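This report concerns only the one structure given below.
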Amino acid sequence: MFWASYLLAALAVILAWPVPVMLSRARWPARAPKTALILWQAIALAGGLSMIGAMLTWGLEPLGDNLLAGLRGLAALLASYQPAPGLDLIHVFALSAALLLGVHLVFTLLLTYYRIAKQRHRHRTLLNLLSSPAKDSPKTLVINHPAPVAYCLPGGSGSVTVLSEGLMELLTPAELQSVLQHERAHLNQRHDLLLWAFAAWRAALPWLPTSQLAQRAVNELIEMLADDAALETTDRPTLIRAVALVAGGERPAGSAAGAPARELLSPEEAQALTSANRLRRLLTPMAPLGRAAQSLVLAGAALLLAVPTVLLLAPGLAG
């Protein structure tokens with residue numbers, strides 16, 4: 393596993409810096425947001441697997457020629473209480489670092505879920521006190537507030553879309569419907585799970601460029617997917633007007649309704665709303681990425697996951 397550890401370390405470095413930087417600057421993700429999301433997930437998984445795998449294979453190198461053999465050797469070593477030839481302090485340190493990093497990632501993932509669930513429960517309790525169901529949809533809650541607010545609150549079968557009275561006065565029925573379709577797309581496509589995973593990754597490794605770039609890119613891409621869902625039932629000019637009015641918070645002079653300037657409540661949506669890529673995509677439609685190109689990207693994502701797996705499990709890579 394000598395060479396495997398070096399190859400995994402090199403892959404981890406590549407996925408930690410140059411690859412996410414290039415992908416975050418690319419223009420094609422706006423033409424295929426779903427495909428780009430899959431690639432970002434592959435980069436995150438392969439990067440984490442490579443980081444942990446590099447330390448693990450280095451530490452287990454004296455005990456076997458692949459990960460499974462090394463783990464069996466480690467189990468036998470712990471059971472026999474006998475010293476292993478070649479297993480020095482450096483290898484023990486590498487094994488400890490791999491264990492600590494793995495536990496840290498899993499713990500941060502669970503802690504982030506707990507915090508999000510707690511915040512949602514508190515938020516839902518407040519909504520029960522301060523909102524009322526919309527006349528046409530019990531899954532839509534209306535809060536008495538003049539600011540234009542629209543967001544979704546995931547919760548499985550209890551998921552709801554929240555609108556403010558200010559938003560309902562600000563938008564026309566067609567514009568309001570486009571906003572509803574956008575928010576419901578977040579719920580139907582379970583974008584909250586993606587946000588949870590990438591938020592946990594950034595919390596666990598805030599110093600890693602990949603985690604920061606990935607979280608911003610994923611926030612932007614899920615807004616694009618929700619825009620696409622809204623465009624299935626409404627025309628593009630209506631959606632653009634709705635986005636612009638909610639962002640600006642007021643109608644042009646002469647309109648019947650007005651509200652203070654205010655952005656969407658959700659920080660992720662507020663960030664994505666001002667994204668140049670999202671606005672450019674709405675104002676200047678681009679042709680979808682071709683099937684061949686998308687297939688190539690998906691193949692690359694699969695390869696990213698396959699390479700560290702093979703390096704970890706394939707025998708005969710010990711130098």
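What the sequence shown shows, in my numbering, is residues 393 to 711, in sequence order. All C-beta atoms in this analysis are idealised placements derived from N, C-alpha and C, irrespective of residue type, glycine included. Everything numeric in this text was worked out from a predicted model, so none of it was measured.
Can you grab the Cα-Cα spacing for the pair residue i / residue j, in whole Å?
i	j	result
Leu704	Ile614	33 Å
Ala404	Asp619	33 Å
Ala649	His513	Residue placement at Ala649 cannot be trusted, given a pLDDT of 29 that sits under 50; what the coordinates show is reported in the next sentence. Ala649 and His513: Cα-Cα distance of roughly 33 Å.
Tyr543	Thr701	39 Å
His496	Ala596	7 Å
Arg683	Gln581	22 Å
Ser647	Val635	With a pLDDT of 32 at Ser647, under the threshold of 50, the predicted position of this residue should be treated as unreliable, and no value is reported.
Glu453	Ile482	11 Å
Met414	Ile406	11 Å
Asp627	Asp528	22 Å
Ile444	Ser472	26 Å
Pro412	Glu575	28 Å
Ala651	Asn536	Note on Ala651: pLDDT 28, under 50, position unreliable in the model; no value is reported.
Leu399	Leu681	32 Å
Leu623	Ala577	11 Å
Leu746	Arg672	Because the chain is modelled from 393 through 711, residue 746 falls outside the range shown and cannot be assessed.
Trp599	Trp593	11 Å
Within 10 angstroms of its Cβ, does residue i collect 16 or more other Cβ (buried), or is it exposed?
i	result
Thr602	buried
Asp584	buried
Asn611	buried
Ser570	buried
Quick check on this structure: which residue in the options has the alpha carbon closest to the alpha carbon of residue i?
i	options	result
Ala706	Asn458, Ala539, Gln511, Asn580	Asn458
Thr427	Asn536, Ala693, Ala679, Leu497	Ala693
Arg419	Ser570, Ala684, Glu624, Met678	Met678
Trp409	Phe590, Ala396, Ile435, Leu503	Ile435
Pro546	Leu688, Leu579, Trp432	Leu579
Gln686	Pro538, Leu429, Gly439, Gly550	Leu429
Ala698	Leu441, Gln474, Trp395, Arg423	Leu441
Val534	Arg417, Val498, Glu561	Glu561
Residue range of the beta strand (DSSP E) that residue i falls in?
i	result
Pro525	523-525
Leu705	Element bounds for Leu705: not the beta strand (DSSP E) but the alpha helix (DSSP H), 683-705.
DSSP puts residue i in a beta bridge; with which residues?
i	result
Thr532	Thr553
Leu545	Val552
Starting from residue i, trace the alpha helix (DSSP H) in both directions and tell me its first and last residue.
i	result
Leu470	459-472
Ala436	425-452
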